[in-house]
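Please read the structure below before turning to the comments.
Number of protein chains: 2
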Amino acid sequence: MDLHIVIDRNEPLGEQLLRQLRGLIRSGRLATGTQLPPTRLLAQQLGLARQTVAEAYERLTLEQLIEAGRGRGSFVRALPAGEGPRPAATPVRLASAERIAAFQALPVPLLRFADSPLARWDFVGGSPEPALFPHEDWRRHLHAAQRALGQGGAHAPPAGHTALREAIAEHLAFARGVRCTAADVIVTQGAQQAFDLLVRVLAGPGDVVAVESPGYPPVAGLLQAHGARIVPVPVDAQGLVTDALPPEAKLVYTTPAHQFPLGVAMTAARRRALLSWAARTGAIVIEDDYDSEFRFEGQPRDSLQGLDTDGRVAFVGSFSKTLAPSLRLGYVISPPALRDALLNAKHLADVHGPSLLQHALARFMAEGNYRKHLRRCVAEYARRRERLMAGFADTLAPWLRLLPAEAGFHQAALFMPGLAIDGTQLAALARRVDVGLYPLQAMGAQQDGLLMGFGRIPPEGIEQALGRMAELLGAAA
Amino acid sequence: MDLHIVIDRNEPLGEQLLRQLRGLIRSGRLATGTQLPPTRLLAQQLGLARQTVAEAYERLTLEQLIEAGRGRGSFVRALPAGEGPRPAATPVRLASAERIAAFQALPVPLLRFADSPLARWDFVGGSPEPALFPHEDWRRHLHAAQRALGQGGAHAPPAGHTALREAIAEHLAFARGVRCTAADVIVTQGAQQAFDLLVRVLAGPGDVVAVESPGYPPVAGLLQAHGARIVPVPVDAQGLVTDALPPEAKLVYTTPAHQFPLGVAMTAARRRALLSWAARTGAIVIEDDYDSEFRFEGQPRDSLQGLDTDGRVAFVGSFSKTLAPSLRLGYVISPPALRDALLNAKHLADVHGPSLLQHALARFMAEGNYRKHLRRCVAEYARRRERLMAGFADTLAPWLRLLPAEAGFHQAALFMPGLAIDGTQLAALARRVDVGLYPLQAMGAQQDGLLMGFGRIPPEGIEQALGRMAELLGAAA
Chain A
24 MDLHIVIDRN EPLGEQLLRQ LRGLIRSGRL ATGTQLPPTR LLAQQLGLAR
74 QTVAEAYERL TLEQLIEAGR GRGSFVRALP AGEGPRPAAT PVRLASAERI
124 AAFQALPVPL LRFADSPLAR WDFVGGSPEP ALFPHEDWRR HLHAAQRALG
174 QGGAHAPPAG HTALREAIAE HLAFARGVRC TAADVIVTQG AQQAFDLLVR
224 VLAGPGDVVA VESPGYPPVA GLLQAHGARI VPVPVDAQGL VTDALPPEAK
274 LVYTTPAHQF PLGVAMTAAR RRALLSWAAR TGAIVIEDDY DSEFRFEGQP
324 RDSLQGLDTD GRVAFVGSFS KTLAPSLRLG YVISPPALRD ALLNAKHLAD
374 VHGPSLLQHA LARFMAEGNY RKHLRRCVAE YARRRERLMA GFADTLAPWL
424 RLLPAEAGFH QAALFMPGLA IDGTQLAALA RRVDVGLYPL QAMGAQQDGL
474 LMGFGRIPPE GIEQALGRMA ELLGAAA
Chain B
24 MDLHIVIDRN EPLGEQLLRQ LRGLIRSGRL ATGTQLPPTR LLAQQLGLAR
74 QTVAEAYERL TLEQLIEAGR GRGSFVRALP AGEGPRPAAT PVRLASAERI
124 AAFQALPVPL LRFADSPLAR WDFVGGSPEP ALFPHEDWRR HLHAAQRALG
174 QGGAHAPPAG HTALREAIAE HLAFARGVRC TAADVIVTQG AQQAFDLLVR
224 VLAGPGDVVA VESPGYPPVA GLLQAHGARI VPVPVDAQGL VTDALPPEAK
274 LVYTTPAHQF PLGVAMTAAR RRALLSWAAR TGAIVIEDDY DSEFRFEGQP
324 RDSLQGLDTD GRVAFVGSFS KTLAPSLRLG YVISPPALRD ALLNAKHLAD
374 VHGPSLLQHA LARFMAEGNY RKHLRRCVAE YARRRERLMA GFADTLAPWL
424 RLLPAEAGFH QAALFMPGLA IDGTQLAALA RRVDVGLYPL QAMGAQQDGL
474 LMGFGRIPPE GIEQALGRMA ELLGAAA
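Top line first, the protein sequences correspond to chains A and B.
Residues in the first sequence are numbered consecutively from 24, following this note's numbering.
Residues in the second sequence are numbered consecutively from 24, following this note's numbering.
Dropping the structure here:
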């Protein structure tokens with residue numbers, strides 16, 4: 024038996040042994056009934072005097088953690104009442120019980136997808152192709168950043184590494200028509216933290232926040248956690264229906280470039296209407312620029328932020344879709360009026376993000392690797408998108424139609440009327456034939472349909488997966 | 024003039040040029056009055072047809088972004104009203120104005136220390152010696168983690184990388200007598216995020232939270248941000264004065280191992296009193312195990328969490344003091360009753376932390392490098408601590424006395440009564456002779472004194488710095 028005990032010659036030996044044995048027993052790593060090694064053997068293994076080990080066993084016996092068993096050997100006892108591998112899971116009375124229960128009940132559905140294993144052919148949304156990750160370039164910049172940072176690294180400014188903020192500002196001015204300088208950029212732990220900071224600063228308990236419906240579930244969960252009053256606003260073929268915005272909203276969450284989950288882009292008229300509504304009501308608009316970097320057709324549309332002359336739009340983006348979610352790198356371009364408040368919120372939330380990854384990304388962007396990488400991604404996703412559209416037209420036309428989308432790496436598909444099966448049922452059947460499908464209803468859609476992401480399915484798998492779907496739909500009809 | 028324009032042969036050329044020029048002007052990188060290169064020259068530099076450049080200039084002229092100047096050349100115009108390098112900083116009416124102002128006014132004092140340059144001899148607290156950072160070992164594990172992660176990396180579980188949670192649980196069971204398994208560990212972005220998640224789940228607006236006074240300012244700022252009602256509870260030579268705890272508190276924040284800033288350890292009697300008070304009131308206790316890994320004398324004291332049989336203590340620690348703050352790695356050991364709620368809070372706050380650093384730290388700990396590194400740190404800080412204590416006795420005895428502390432890398436010093444100078448005045452004078460001092464009053468202390476951190480001052484600098492302090496104090500008397 025290997026007890027995983029480490030003895031340090033520079034510290035009192037018996038005390039170390041005792042503490043480690045106690046830890047192993049109390050934490051449950053040595054289970055009740057386990058026999059401890061004989062004192063002579065353990066002393067030999069650890070290079071200790073036998074007396075030292077015997078004393079530790081004696082102490083553990085006094086502490087009722089071990090007991091002598093049938094004449095020879097020492098055995099781990101059942102832990103006394105109130106002790107256990109960890110504090111008892113039995114309910115204790117807590118003053119904050121209601122609040123705790125409310126947090127336990129929060130909906131955090133969509134991001135959980137990532138925890139569950141993917142199907143062989145999976146149309147999960149929001150997850151980029153891992154094979155596209157630019158390993159070589161990234162490794163090179165990571166190592167260079169590690170060398171340059173040196174010295175362990177003290178606390179960095181809450182807004183993030185200056186060179187990264189400059190690179191983000193430059194990229195967004197070019198690629199998204201965002202009007203900003205590095206001073207407006209706050210680097211966050213993915214887009215989700217940007218939303219969290221904005222909600223902290225803008226919407227207290229009971230404040231009205233308007234969200235697109237159908238929409239992005241993690242934002243709804245977040246708003247609920249902050250006690251905001253959520254008002255869903257419908258989306259049509261032109262994007263968010265601005266006429267339906269509640270006048271008392273302090274905050275609006277929208278995805279103008281590529282609506283989540285329907286995929287439509289907000290028209291210029293709706294964008295102007297949204298901005299003048301915000302000017303009238305004093306609301307702030309969160310522009311989630313969700314996967315807009317992947318544009319396949321049509322004129323590039325500038326961001327809503329680029330049209331905003333008042334400073335009412337907070338532009339949020341991330342590198343989760345273009346590089347990898349595991350990097351946890353995102354940003355908010357703050358309107359001037361919010362900047363200091365957001366920086367304080369970031370400072371108090373977690374001080375700042377890890378320096379190393381920010382330095383690596385700054386180098387990656389400054390040397391042109393990011394633009395090169397985006398081009399490669401767009402080419403690959405364009406191939407998949409064409410296969411998806413062709414496959415839908417060829418194979419699934421009797422049952423489903425794809426909504427058009429100019430950008431992004433998912434499209435929404437709606438069921439034809441009068442089918443004998445709905446999205447949830449189809450997703451359950453599809454899972455049995457190794458196809459991963461995601462019903463729109465789980466994202467608050469009124470219409471029955473599916474989110475068809477093509478980040479994790481190889482082009483050659485698309486026809487096969489659509490073929491299986493057609494078989495299931497044919498059999499159900 | 025280098026315009027930093029990048030032309031991608033796979034996209035419409037004129038459109039790209041126009042967008043980039045527009046971005047450069049709107050973002051202010053091309054200032055008003057700047058002359059643009061002649062069309063022929065720019066076309067040549069970028070490998071474009073001259074006509075393409077001419078058309079882009081024409082369009083920018085129509086958009087009133089550039090103008091023809093005195094017969095030849097094109098110049099950047101002053102931006103039209105409402106346009107500018109970024110949205111106007113002029114105040115706009117915002118529905119959330121009060122909330123924004125409240126966030127702007129939040130106190131975030133202590134962590135700001137890190138942004139300002141250190142004095143030549145600086146007694147800043149909470150900042151480890153960068154020269155102790157284990158560069159070689161860390162680089163090796165970082166590179167190995169990068170290779171092993173491969174594949175870009177999808178979303179990871181909110182609780183953190185399993186191997187890291189196991190390593191933390193094992194370390195804490197051994198080193199701090201914490202009773203936990205990997206399932207109880209939630210990896211956070213430094214200790215500050217652990218506090219933030221706990222406050223979200225446990226204390227809403229108006230709820231009473233007890234904090235040590237004097238205490239750790241970033242936690243007070245955080246509580247204010249969440250709208251909690253803060254009740255300061257005094258600290259004496261035995262630690263937090265448990266008799267003074269407000270019965271209606273839902274949460275208590277305490278630093279039992281090494282009180283911040285006074286340095287005293289909480290006695291066993293006070294620990295028992297705190298736990299039975301919590302059992303009576305239903306409050307949760309946050310145990311901030313602030314720099315307890317650096318122990319110089321006395322019996323190792325187990326954590327408060329190790330005494331807690333009910334699951335009322337949330338144990339918080341970080342690697343900011345033992346490795347580097349820039350890593351942003353911390354953790355909370357959650358009582359069972361809070362675990363699901365805390366995981367939801369983490370999930371909604373930022374989904375999870377960056378995978379790479381968690382994988383690297385897991386390897387670093389599992390291979391014994393962390394324990395080895397801690398021993399090295401303790402040896403170095405012990406040297407500095409001895410010099411500090413000897414220096415105070417030799418040099419500063421007429422004016423200041425050090426409070427005893429068994430652990431941690433700072434001690435508090437109190438002024439003798441009746442001096443003509445206080446901590447704030449002394450700190451201001453000391454700065455002029457390149458000595459960094461930090462008055463206790465800024466941390467809410469009633470007594471006048473100084474926080475004497477020895478993380479950033481080399482042993483050989485300590486006598487020199489104390490000598491300069493003695494000169495200043497002598498001159499002021």
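Where a beta carbon is used, it is the ideal one built from N, C-alpha and C, also for glycine.
- Interface annotation, SER326/B: not in contact with chain A, CB-CB separation never under 8 Å.
- At a cut-off of 8 Å, the C-beta of ARG100/B has no neighbouring C-beta in chain A.
- Assigned with DSSP and collapsed to three states, THR75/B falls in helix.
- Spatial neighbours of SER357/B in its own chain (CB-CB distance under 7 Å, excluding positions within 5 residues in sequence) are listed in chain order as ASP207, ILE209, ALA337, LEU365.
- Unbroken alpha helix (DSSP H) runs of no fewer than 4 residues, entirely contained in the region 456 to 500 of chain B, are found at 482 to 499, following chain order.
- When the Cα atoms are used, ALA260/B and PRO279/B turn out to be separated by approximately 12 Å.
- Contact between GLY213/B and LEU59/B does not hold, since the beta-carbon distance rounds to 47 Å and is not under 8 Å.
- Apart from the 5 residues on each side of it in sequence, PRO151/A sits with its Cβ closer than 6 Å to the Cβ of LYS344, GLY478 in its chain, given in chain order.
- Pairing LEU165/B with HIS375/A, the inter-Cα distance amounts to about 20 Å.
- Between GLY334/B and ARG122/A, the C-beta spacing is not below 8 Å.
- In this structure LEU474/A is in contact with HIS433/A, their Cβ atoms being roughly 6 Å apart against a cut-off of 8 Å.
- In the structure shown, GLU409/A adopts helical secondary structure according to DSSP, grouped into three states.
- Pairing TRP144/B with GLY459/B gives a Cβ-Cβ distance under 8 Å.
- Between SER349/A and ALA177/B, the beta carbon gap of about 6 Å places them in contact (Cβ cut-off 8 Å).
- Check the Cα spacing between LEU44/A and each of GLN74/A, GLY70/A, LEU83/A: the tightest is with LEU83/A.
- Here PRO257/A carries a strand assignment [DSSP, helix/strand/coil].
- The region 282 to 324 of chain A is shown to contain whole beta strand (DSSP E) runs of 3 or more residues at 307 to 311, in chain order.
- Interface flag for PRO284/A against chain B is unset, since no Cβ pair is found closer than 8 Å.
- Residues of chain B whose Cβ lies closer than 7 Å to the Cβ of LYS344/A do not exist, since the nearest Cβ in that chain is about 11 Å away.
- Residue pairing by DSSP puts ALA436/B in a beta bridge opposite LEU425/B, LEU473/B.
- Sixteen is the threshold: when 16 or more other Cβ atoms of the shown chains lie within 10 Å of the Cβ of PRO181/B, as they do, the residue is buried.
- Residue environment analysis places GLU310/A among the buried positions, since at least 16 neighbouring C-beta atoms fall within 10 angstroms of its C-beta.
- Between PHE146/B and ILE480/B, the C-beta spacing is below 8 Å.
- Here ARG188/B has ALA182, ALA205, VAL208, VAL210 as same chain residues with Cβ atoms under 7 Å from its own Cβ, once five neighbours each way along the sequence are excluded.
- A Cβ-Cβ distance of about 43 Å is found for the pair ARG454/B and ALA118/B, leaving them out of contact under the 8 Å criterion.
- For ILE123/B, the nearest CB of chain A lies under 8 Å from its own CB, placing it at the interface with that chain.
- One alpha carbon belongs to LEU423/B, the other to ALA243/A, and they sit about 55 Å apart.
- In terms of beta-carbon proximity, GLN68/A stays away from the interface with chain B, with every pair separated by 8 Å or more.
- Nearest neighbour of GLN381/A by Cα position, chosen from THR332/A, TYR80/A, THR185/A, turns out to be THR185/A.
- The beta carbon of ALA118/B falls within 8 Å of a beta carbon belonging to chain A, placing the residue at that interface.
- Within 10 angstroms of the beta-carbon of PRO140/B lie fewer than 16 other beta-carbons, which makes it exposed.
- Taking 8 Å as the upper bound for CB-CB distance, PHE98/A and THR62/A are not in contact here, some 14 Å apart.
- Between THR304/A and chain B, the shortest Cβ-Cβ separation is below 8 Å.
- Between LEU371/B and chain A, the shortest Cβ-Cβ separation is below 8 Å.
- Remark: C-beta atoms of VAL224/B and ALA251/B do not approach each other more closely than 8 Å.
- ASP266/A counts as exposed, since fewer than 16 other C-beta atoms from the protein chains shown sit within 10 angstroms of its C-beta.
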